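K.L.:
Here the sequence shown is numbered in the working numbering, starting from 30 and rising by one per residue. Using N, Cα and C, we set each Cβ at its ideal position, and we do this for glycine too. Note that the coordinates shown come from a computational prediction; the quantities given were computed from them, not determined experimentally. Quick one: this structure, given as structure tokens, is what I'll be asking you about.
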Amino acid sequence: SFDRALQRDPNNLAGLIGRAEIQVERREWDQALAYLEPLLESNPWNCDVIRLAAHACARKHDLVRARDLYERATFINPDDRDAYMGMGTVYKEMMKLDQAISAFDEVLRIDPKNAAALFNAGFCHLLLGDRGEARARYKSLRFIDPESAEQLFKMIYDK
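Here's what the structure looks like:
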């Protein structure tokens with residue numbers, strides 16, 4: 030269906046985003062970015078395009094570019110939970126753990142029961158040596174996602 034939309038209008042934004050999403054699903058990061066780079070230029074305020082490009086950059090291990098794109102998305106939309114989650118993940122991979130925790134806390138500001146953000150914030154606190162805060166995240170997580178809470182519990186107490 031994306032091909033048909035693009036045949037009718039080669040600049041169809043939904044079709045181009047759909048094409049890029051297919052490339053991302055196939056883990057073809059360079060091809061996805063080839064679709065997304067012109068879209069970033071022509072749609073600089075479109076958070077869907079920005080997040081998708083950031084995700085492709087992160088998966089390609091271009092972490093600085095991914096971080097910059099996620100920051101751009103959160104500047105445009107301060108309530109973009111997915112952009113903050115991606116940003117936190119990128120910061121965690123960069124071992125910028127305080128920034129990762131801040132990003133995960135923004136996810137929790139928007140979605141207080143987000144299990145992935147609670148787990149990742151707890152894990153980052155653990156990596157920083159702050160077992161007390163990791164335990165606090167565990168206590169919140171156990172009511173939301175018991176399986177993830179158990180994983181975090183083991184990380185905290187199995188050391």
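Does the beta carbon of residue 118 come closer than 9 Å to any beta carbon on chain D?
P.N.:
Note that chain D does not occur in the displayed structure, where there is just one protein chain.
K.L.:
On a Cα-Cα basis, can you pick out the residue from 49, 123 and 57 that is closest to residue 66?
P.N.:
Here residue 66 refers to the residue found at position 37 when the sequence shown is read from its first residue. Checked all of 49, 123 and 57; the closest Cα to residue 66 is 49.
K.L.:
Could you check whether residue 98 and residue 46 sit closer than 9 Å to each other, using their CB atoms as the reference points?
P.N.:
Position 17 of the sequence shown, counting from 1, holds the residue named residue 46. Position 69 of the sequence shown, counting from 1, holds the residue named residue 98. Result no, Cβ atoms of residue 46 and residue 98 do not sit closer than 9 Å.
K.L.:
Excluding the 5 residues preceding and the 5 following residue 52 in the sequence, name in chain order all residues of the same chain whose CB lies nearer than 7 Å to its CB.
P.N.:
In the sequence shown, counting from the first residue as 1, residue 52 sits at position 23. Only 60, 61 and 64 meet the Cβ criterion.
K.L.:
Start and end of the alpha helix (DSSP H) containing residue 121?
P.N.:
Reading the sequence shown from its first residue, position 92 is the one you call residue 121. 110-122 is the span of the alpha helix (DSSP H), which, as asked, contains residue 121.
K.L.:
At a cut of 8 Å, does the region 93-108 reach the region 68-82 through at least three beta carbon pairs?
P.N.:
In short, these stretches touch, since the Cβ pair count reaches three.
K.L.:
With a Cβ-Cβ cutoff of 9 Å, do residue 137 and residue 129 count as a contact?
P.N.:
Indexing the sequence shown from 1 puts residue 137 at position 108. Indexing the sequence shown from 1 puts residue 129 at position 100. No. Outside cutoff.
K.L.:
When you compare the CB positions of residue 68 and residue 78, do they come within less than 9 Å of one another, or not?
P.N.:
Within the sequence shown, numbered from 1, the residue matching residue 68 stands at position 39. Within the sequence shown, numbered from 1, the residue matching residue 78 stands at position 49. Yes, the Cβ-Cβ distance between residue 68 and residue 78 is below 9 Å.
K.L.:
Quick check: the Cα distance between residue 167 and residue 148, rounded to an integer number of angstroms?
P.N.:
Counting from 1 along the sequence shown, the entry for residue 167 is found at position 138. Counting from 1 along the sequence shown, the entry for residue 148 is found at position 119. Residue 167 and residue 148: Cα-Cα distance of roughly 7 Å.
K.L.:
In or out: residue 176 buried (at least 16 other Cβ within 10 Å) or exposed?
P.N.:
The count along the sequence shown starts at 1 and reaches residue 176 at position 147. By the 10 Å Cβ count, residue 176 comes out exposed.
K.L.:
By the 10 Å Cβ neighbour count, where 16 or more other Cβ atoms means buried, how is residue 121 classified, buried or exposed?
P.N.:
For the purposes of this step, residue 121 is taken as residue 92 along the sequence shown, with counting starting at 1. Residue 121 should be labelled buried.
K.L.:
Please list, in chain order, all residues of the same chain as residue 109 whose beta carbon is under 7 Å from its beta carbon, the five residues on each side excluded.
P.N.:
Here residue 109 is taken as the residue at index 80 of the sequence shown, counted from 1. Correct list, in chain order: 76, 102 and 103.
K.L.:
Whole-angstrom Cβ separation of residue 163 and residue 139, contact assumed at under 8 Å?
P.N.:
Stepping through the sequence shown from its first residue, residue 163 is reached at position 134. Stepping through the sequence shown from its first residue, residue 139 is reached at position 110. The pair is not a contact, with the Cβ atoms about 22 Å apart (cut-off 8 Å).
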